[in-house]
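A.B. asks: For the sequence shown, our numbering gives the first residue as 6, with consecutive numbering after it. Positions of the beta carbon are idealized from the N, C-alpha and C atoms, including for glycine. One structure, as structure tokens, below. Some questions next.
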Amino acid sequence: NYVAPEILLGQPYDERCDVWSLGVMLFIMLCGSFPFSPDPPPAGTHPQGLADAHMSVYRKIVHGRIEWVESEWAHVGAPARQLVRAMLTVDYASRPTAAECLRHPWIAVRSVPSKDSFPAVARENFGRFNAARHSSRRVGSASAFSGM
Numbered sequence: 006n007y008v009a010p011e012i013l014l015g016q017p018y019d020e021r022c023d024v025w026s027l028g029v030m031l032f033i034m035l036c037g038s039f040p041f042s043p044d045p046p047p048a049g050t051h052p053q054g055l056a057d058a059h060m061s062v063y064r065k066i067v068h069g070r071i072e073w074v075e076s077e078w079a080h081v082g083a084p085a086r087q088l089v090r091a092m093l094t095v096d097y098a099s100r101p102t103a104a105e106c107l108r109h110p111w112i113a114v115r116s117v118p119s120k121d122s123f124p125a126v127a128r129e130n131f132g133r134f135n136a137a138r139h140s141s142r143r144v145g146s147a148s149a150f151s152g153m
């Protein structure tokens, strides 16, 4: 979920691939969900295997099909959204550098966050994100031990 499109495509890359990964992390921190998630399996079929799920996410990354759920972003201002969009620009030559991100108005203008700056919908999504992350870690550990 964090890998830049140019890496998936085997193209030349520079430090802006890290800006992509930071954009994914900022997306998660602001709304509590991933910008790219696996496609659901077709009706009447078995759930996707892990490889199929990864491939559907990789296709979304390469084509820049970001999943903006408006209800999750309603509390996020335009400058923050613009920065995330810029960081998740598919064409790495058009993506900002880390220095340019630091000069972005949303970063450069420091303000004290209000107690409501992390609303309930983001807290709930982030809670689900953490639960899923811990669950997959347990499954991965169990798989590793079962192979011994």
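I need the DSSP call for R90, collapsed to helix, strand or coil.
C.D. replies: If you number the sequence shown from 1, residue 90 lands on position 85. Correct three-state label for R90: helix.
A.B. asks: Can you confirm whether the stretch 25-42 touches the stretch 72-83 when touching is taken to mean that 3 or more C-beta pairs between the two stretches lie within less than 8 Å?
C.D. replies: With the cut-off at 8 Å, the stretch 72-83 and the stretch 25-42 touch.
A.B. asks: In chain order, what residues of the same chain lie with their CB nearer than 8 Å to the CB of L107, ignoring the 5 residues before and after it?
C.D. replies: What you label residue 107 is simply residue 102 of the sequence shown in a count that begins at 1. Around L107: A113.
A.B. asks: Could you check what DSSP says for F32 in three-state terms: helix, strand or coil?
C.D. replies: Reading the sequence shown from its first residue, position 27 is the one you call residue 32. F32: helix per DSSP, three-state reduction.
A.B. asks: Just to confirm the assignment, what range does the alpha helix (DSSP H) spanning S76 have?
C.D. replies: Counting from 1 along the sequence shown, the entry for residue 76 is found at position 71. Unbroken alpha helix (DSSP H) run through S76: E75 to W78.
A.B. asks: I'd like to check one pair, L13 with I66: are the Cβ atoms closer than 8 Å?
C.D. replies: On the sequence shown, position 61 is the one that residue 66 refers to. On the sequence shown, position 8 is the one that residue 13 refers to. Yes, the pair counts as a contact, with Cβ atoms nearer than the cut-off.
A.B. asks: Mind reading off the beta-carbon distance from C36 to N130? Whole number of angstroms is fine, and I expect it under 8 Å.
C.D. replies: Translated into the one-based positions of the sequence shown, residue 36 becomes position 31. Translated into the one-based positions of the sequence shown, residue 130 becomes position 125. That pair is a contact at about 6 Å.
A.B. asks: With H, G and I counted as helix, E and B as strand and the rest as coil, what does DSSP make of E11?
C.D. replies: In the sequence shown, counting from the first residue as 1, residue 11 sits at position 6. DSSP places E11 in helix when its eight states are reduced to three.
A.B. asks: What is the DSSP secondary structure of L21, counted as helix, strand or coil?
C.D. replies: Counting from one through the sequence shown, the residue named residue 21 turns up at place 16. A small correction: the amino acid at residue 21 is Arg; Leu does not occupy that position in the sequence shown. Looking at R21 - three-state DSSP - the assignment turns out to be helix.
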